[in-house]
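> Could you have a look at this structure, given as structure tokens, before my questions?
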Amino acid sequence: MAGHSKWANIQHRKGRQDEKRGRIWTRIIREIMVAARQGGADLTANPRLRLAVDKAKAANMPADNIKRNIDKATGNLDGVTYEEIRYEGYGIGGAAIIVDTMTDNRVRTVADVRHAFSKYGGNMGTEGSVAFQFKHVGQLMFAPGTDEEKVMNAALEAGAEDVITDDEGGIEVLTAPADFEAVRDALQAAGLTPDMAEVTMRPENTIALEGEDAARMQKLLDMIEDLDDVQDVYHNADL
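Per the UniProt record's numbering, the very first residue in the sequence shown carries number 1; after that it's consecutive.
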């Protein structure tokens, strides 16, 4: 199945994330604590915690840090309790934005997110106002030049929902969230290591923004992503 140039968008987003790498440990620690508090400390029985620990290892977080934060979340050590809150809204040109946060002070967080939206021409929406434009999926991206047939065969055999090749030759594998780990592991066992692999909110359609509109949208996204309480930002703008 063919698709538009998603590879360029993925690389752009990854580059912006890499620029903010200093914040990554903080966000991973929050994810570990929430996942452990909700699902327990047993990695074999808690897939969300497994994914968070995988992220921590990929970010070179020491094992002691990982264990300490799991212990905090499960009551073995004193720690902060974080609450998950999702905000939705619109950016430039009506582009949809989802902001996932973890916070110990929801009054502060909503004020910060609302300020970011309003400063750069966006608008906060109500719950559910844009979420219907996204699908919760496992997503694995392979660079142009990867053997498409090999990816397709391994992915579909492991239970992937779809394999999409974009206009630049990038290959996108989509899975149900519950099947993400199995598909990722099967692809790696076949010698296929994705350039990006995550469970995400994938836009069903995109809105193309160019020139000044694209620049304003990027400023809006950067301001939201720089907020201390923000974990993830999803949008449907094609910048």
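All C-beta atoms, glycine included, are put in the ideal place defined by N, C-alpha and C.
Can you give the Cα-Cα distance for Asn153 and Arg37, rounded to whole angstroms?
Cα to Cα, the separation comes out at about 38 Å.
> Where do the ends of the alpha helix (DSSP H) carrying Gly39 lie?
24-39 is the extent of the alpha helix (DSSP H) around Gly39.
> Under the DSSP definition of a beta bridge, which residues are partnered with residue 241?
For residue 241 there is no data in the structure shown, the boundaries of the chain being 1 and 239.
> Apart from the five residues on each side of it in sequence, which residues of its chain come closer than 8 Å, Cβ to Cβ, to Gly128?
Cβ within range, chain order: Glu88.
> Classify Val230: buried if its beta carbon has 16 or more other beta carbons within 10 angstroms, exposed otherwise.
Buried, because 16 or more other Cβ atoms sit within 10 Å of the Cβ of Val230.
> Taking Asp166 as part of the beta strand (DSSP E), name the residues at either end of that continuous run.
Element bounds for Asp166: 162-166.
> Specify, as a first and last residue, the run of the beta strand (DSSP E) that Gln139 falls within.
Per DSSP, Gln139 belongs to the beta strand (DSSP E) from 134-142.
> Within a Cβ cutoff of 6 Å, which residues of the same chain sit near Arg86, ignoring the five residues on either side of it in sequence?
Here the set comprises Asp100.
> In terms of alpha-carbon separation, which member of Val130, Glu181, Lys67 lies closest to Ala155?
Comparing Cα positions, the closest option is Glu181.
> At what residues does the beta strand (DSSP E) containing Thr200 begin and finish?
First-last of the beta strand (DSSP E) with Thr200: 196-203.
> For Arg114, which residues of its own chain have a beta-carbon under 6 Å away from its beta-carbon, when the five flanking residues on both sides are left out?
The residues are Met124.
> In the DSSP assignment, what residue or residues form a beta bridge with Val230?
Paired residue(s): Thr101.
> Where do the N-terminal and C-terminal ends of the alpha helix (DSSP H) with residue 250 fall, by residue?
The question about residue 250 has no answer here: the residues shown for the chain are numbered 1 through 239.
> Per DSSP, Met124 forms a beta bridge with which residues?
Met124 pairs with Gly89.
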